[in-house]
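Down below is the structure, laid out as structure tokens.
Protein chains in written order, with our numbering: chain Z, 1 to 371; chain F, 372 to 742; chain U, 743 to 1113; chain Y, 1114 to 1484.
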């Protein structure tokens, strides 16, 4: 019930879309890790509205100012504070929103929650813009994980009714994930890109929006990480994924599809190779009993269609207390799935780093210049 | 990463399948609420292996001994401690499991996690038996929620490839949910019961197992409960659902299906009736921006097929460090979905009570005999 | 083990003394409360090095920039993010500190903790400057508490060997506490001020430093707030007090002095007046069994002498790995007790607000413009 | 605000004095550590009312039944659940307490907190008996710490106005601490024992009670453990100490006494010996900036006189709403300080283990039989 996440790595996110700035505090990082600002910029860039067809025209500079916790290019081990100034805010686009509830948005639930006192300009604290600090925090976490050969990447599994091919979940490589992170529309089957863009473009022309599914893989985590029951690896990852706006479903391994298999199919058989134990299949997505089994951790996240659409919708005028019609103005993505990808990657990195510090402790992560 | 859940209502679960007892501590309950032991027994009975066709033959008495926190039939407000003695344990069925990893189980991940020191008899702390304390805690939470007209209930949405009809998610009644809680195979379309049992029975004959999907509804929660971003209502509920063994997917409202809708379809339009605001549809499952909107909270949970099957499976012998064959003995459910239903109901009740205490405080819940 | 405090009100502090900025995120505030920037400035001013005799000459502007969570002069209920830019940093004063450990400081423990990667300029994250964000957060909390007639104030109980008169702990008024908050050297017996300043001035001349004790009272809290055992009111308050640099002791009511009383003296007898129950004495400091009893909450905090002194001290040169002599340069308070007072007031306000939200919930605090 | 403590090691305590049982769940222990039941019994015995002069005549068997988490004599890494049955309860001694508030007790604050629904027999959840589960948990933690050569022990620093000699805080040995744990009245100066017992006996004859101060040392913790600001080592230890009934003050190192020193005296100078860094004095109690510095961690805890005394006291009859007289019947300690010693030792062990797991992780603690 808050804007703070985590047990060891604590992420505290703040800000409203049209306030002075948004930001984040990342507490509990191990010290002495190199932080490359180019990698941060690249990740921020992936979330940024692109010049391309699928995205809003708001120019979000998303320039991060790091205020603490990184010194001489390395994590100090003390909290990283960072802010992103809000610029290019056109609040007038939202003028009539004060009385008309936008369907699919948090206008009504937020009104009840905050008794009308929240800053509603640009959706305020509910804005998708609040995912920028998460991407920043994820860019830090990812660099630390990379030093331990843990890699994370996602492809767009589907947009509307069109599907990419899924990961072969027993055979995922660092190169493959690294490549996906460099694509504007990350897909396993390159031919999907055009199709996806076409669906989005057509939808935009219809003044409508579409959603999709993102499939993510994490490789390089040892077996035996996590604990059963509460806050296990699946619980932890799902908890942070559902914190991303527009997420309505999360599944691990075969997920809902596993209910269409018999046990004899769903059970992942073990085998030994070079003294290591693997599973032949990975229907369980790398997790048994809430604990990693050494296979790739694979999950899918369902992203609903953008709530803001230019089509006329039925709603309620809360000031006049009567039914009304609404056309949402402003610059909105016809499909936020491509921009959700780096957010999911970041969220996964934060969750995994938090889980790993439980296991290895700060001492296992800190690297000593002076011992 | 633990067996403790919650912020205000803290649930601490302990025990191994074949140890002396399993149990739970429930911390943070409001005081002065009537607790009916018959309701507890009924809920425990729903989770218990039934005499019916679909369930194991282990006779789990599941008799709860309450040690504290309830006095003169009411919650005292101090922690409720409760234990359930383990009886009828046939550990010999598990004898060969010490060296053979059961596919789909936590044998391997648990081995790595606990370095071999965990009690593996009957799956130990990983046993589905550990859901009994959750059901007990849920039975307490449910009774408190009932006093505020909040009701929770589930039906089996599917088993293997056969589907029940879904909730009409804008029109769910207390009576409907109450009825579901009284059915051994809770379904909306009564004709599904026979079909489900037939699938399970046939699967059992094939020495195999099946899974399914459970759909759950929570009605009576006011609009404006929860907070955006981390630990929001979806994040919190998903976190406890993924803590239930065999759960591999969670979705709210239309979930993954919402990705097959356009925004103009997925957005739930608002309307006013008798000065209250409702949505015409409920594709978002009663939650916008992580906060309740007053409509029924609806979610689905994917349960994988039981891992323990009598069919021969490929695996690894960790002592001899070679590939091996395994036939899992013991008494196992060919389908645990019916028994998962009360666990999901209980988990939802615990999560919702925890969220509500954030909102209303203990003072909003405590009812004064002496003020 | 972090820079995050609290359960409902979560305070996340960040920053280093000579980095770009320090700051804080305050999560979980109720919405709709008026925030007066003058009150914030006044509190920040109390912590600021004064022009007076007792304090450092560093000019800390301590100008807070609020980035989120306050809109139209009221709390929005979303996180308050705020930063204070660091200016007037003379890092050269600290040049030789890289190799010489300052006695009484966290140089050595910090070195071991952060493996040498922490920003040591101006003591970095260990700087007393990090109390400024706490004072800011406390100024917000205090204004919310004030609306419920809860008042907090402190006097300097002693400096070195000279003592003020203590609170009459059964008779403390809002006016008295309000007055104390307006004094540069807050004392109950006005004649102490001169004496205290004299001790400090003399100590400074000796290139030395002194500490003292601060006594704090919180009035207006109802009986029945808190819970026994862990995280009770005393545990919670002590936890945040020990988070303030230089604090080495905390006691409630008569504290250590209560061990010099017989039970018949220490027990606070009850009496009825106008249908309310009070205690005749308040040796227990307003708390029984970890729960408030409606009497003033009274505690004392021991502040050690400033570690930075201009006298030569024995220490170790960690680069040359040999014993060495050190004279700490820079501008340091000969006595930080007066500046610790507003920090203690702020910390107490944060802890009490956190505890009260447990009890009353957000709903008990939120005040509705739209219901 | 709960009966749950800790971040990594989570202790959940439950029970009422005259209910069926009290108990504890210890979550998050590392696996594979030998647990000696004799050591547990010895610790439980130290807390038990002794046959001696200073203690109640209630025969508390304090026989712990371990229900989970220990298997083949070793920790499994899953939660340890344990209960202690309540026997020898004479509830009739408390009959008149339903209407008469006992001064110094939590009767009034508890009444307000729980609205009258708490089990008041034998003080219920407020009973000092609830420290037994803490001692049990501490006995487990202590055995794990011992394997890392961390030792904890306490002596009674004072009872009423009589003082033992304090620890030489730079020179404390394992043998010394081990010896203290074997004494019924642990003292550094053996001649104090008789004096202490005399004071207690005389007090008892006067139908009164006395308190005292306990001084505790923890040796063997490396430098660099903990983090600054919130939840630092002092904050964490003080938080659990104030969770022990009757504790009214906590101080580290010289504590309140350090305010009577000049900075030049209070600062602990560093020196090198055999390539290790030590401090010449230990006025800071082994902690700088909230982080250990490798010297013994030393703190003192003030225990108030037993609230239950046989002398007549003024109080209030809440049923008749008028002033009244009260003589507390039942069997009560004239001084609980000796019995508080093992509780403080246990609480310190729990806090330290929790802090160390932050630092080293489970992996640093787990010892592999199978890797």
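Every residue gets a Cβ at the ideal spot worked out from N, C-alpha and C, and that includes glycine.
Being a predicted model, the structure only gives us computed values, none of them experimental.
- Interface annotation for the region 1048-1062 of chain U against chain Y: 1048, 1049, 1051, 1053, 1055, 1056, 1057 and 1058, criterion Cβ-Cβ distance under 7 Å.
- Residue 1352 of chain Y and residue 1089 of chain U have their alpha carbons spaced roughly 15 Å apart.
- For residue 526 of chain F, not one C-beta of chain Z is nearer than 8 Å to its own C-beta.
- Counting the other Cβ atoms within 10 Å of the Cβ of residue 363 of chain Z gives 16 or more, which makes it buried.
- With respect to residue 1227 of chain Y, residue 448 of chain F sits close: the two C-beta atoms are nearer than 8 Å.
- Neighbours of residue 5 of chain Z in chain F, taken as residues whose beta carbon is under 7 Å from its own, are 601 in chain order.
- Linking residue 199 of chain Z to residue 182 of chain Z through their CA atoms gives a straight-line distance of about 22 Å.
- When DSSP states are grouped into helix, strand and coil, residue 151 of chain Z belongs to the strand group.
- Going by beta carbons, residue 1408 of chain Y and residue 1283 of chain Y fall inside the 8 Å limit.
- For residue 1274 of chain Y and residue 953 of chain U, the gap between their C-alpha atoms comes out near 26 Å.
- The region 1123-1138 of chain Y and the region 1227-1240 of chain Y touch, with no fewer than 3 CB-CB distances between them shorter than 8 Å.
- Contact holds between the region 390-402 of chain F and the region 499-506 of chain F, because three or more Cβ pairs, one in each stretch, are under 8 Å apart.
- In this structure, the beta-carbon distance from residue 339 of chain Z to residue 102 of chain Z does not fall below 8 Å.
- Under the three-state reduction of DSSP, residue 705 of chain F is assigned to coil, being neither helix nor strand.
- At a cut-off of 8 Å, the C-beta of residue 1475 of chain Y has a neighbouring C-beta in chain Z.
- Not flagged as an interface residue toward chain U: residue 496 of chain F, since no C-beta distance is shorter than 8 Å.
- The residue among Z:354, Z:234 and Z:104 with its C-alpha nearest the C-alpha of residue 650 of chain F is Z:104.
- When Cβ-Cβ separations below 8 Å define contact, residue 1131 of chain Y makes no contact with chain Z.
- In this chain, residue 204 of chain Z is not harboured by any beta strand (DSSP E); it is covered by the alpha helix (DSSP H) spanning 192-205.
- Neighbours of residue 358 of chain Z across chain Y, judged by C-beta separation under 8 Å: 1121, 1474 and 1475.
- Going by C-alpha positions, residue 1458 of chain Y is about 11 Å away from residue 1413 of chain Y.
- Taken in chain order, the complete alpha helix (DSSP H) segments of 4 residues or longer contained in the region 207-256 of chain Z are 233-241.
- A straight-line Cα-Cα distance of about 24 Å links residue 1051 of chain U and residue 1337 of chain Y.
- For residue 477 of chain F, a Cβ of chain Z is located within less than 8 Å of the residue's own Cβ.
- Cβ neighbours of residue 1403 of chain Y within its own chain (closer than 8 Å, five residues either side excluded): 1339, 1340, 1341, 1342, 1345, 1346, 1347 and 1348.
- Within the region 531-552 of chain F, 531 and 532 place their CB atoms closer than 7 Å to a CB of chain Z, listed in sequence order.
- Scanning its chain for C-beta atoms nearer than 7 Å, with the 5 sequence neighbours on each side dropped, one finds around residue 356 of chain Z the residues 225, in chain order.
- Interface annotation, residue 208 of chain Z: in contact with chain F, CB-CB separation under 8 Å.
- Residue pairing from DSSP places residue 1271 of chain Y in a beta bridge opposite Y:1276 and Y:1326.
- Residue contact with chain U for residue 1395 of chain Y: absent (no Cβ-Cβ distance below 8 Å to any residue of chain U).
- For residue 274 of chain Z, there is no enclosing alpha helix (DSSP H), since its DSSP letter is neither H nor E.
- Not one beta carbon of chain U lies nearer than 8 Å to the beta carbon of residue 1438 of chain Y.
- For residue 616 of chain F, the chain Z residues whose C-beta falls within less than 9 Å of its own C-beta are 228, 229, 289 and 290, listed in chain order.
- In the displayed model, residue 1181 of chain Y falls within coil according to three-state DSSP, outside both helix and strand.
- At a Cβ-Cβ threshold of 8 Å, residue 1278 of chain Y and residue 1302 of chain Y count as neighbours.
- Listed along chain Z are 31, 71, 76, 77 and 78, each with a C-beta nearer than 9 Å to that of residue 860 of chain U.
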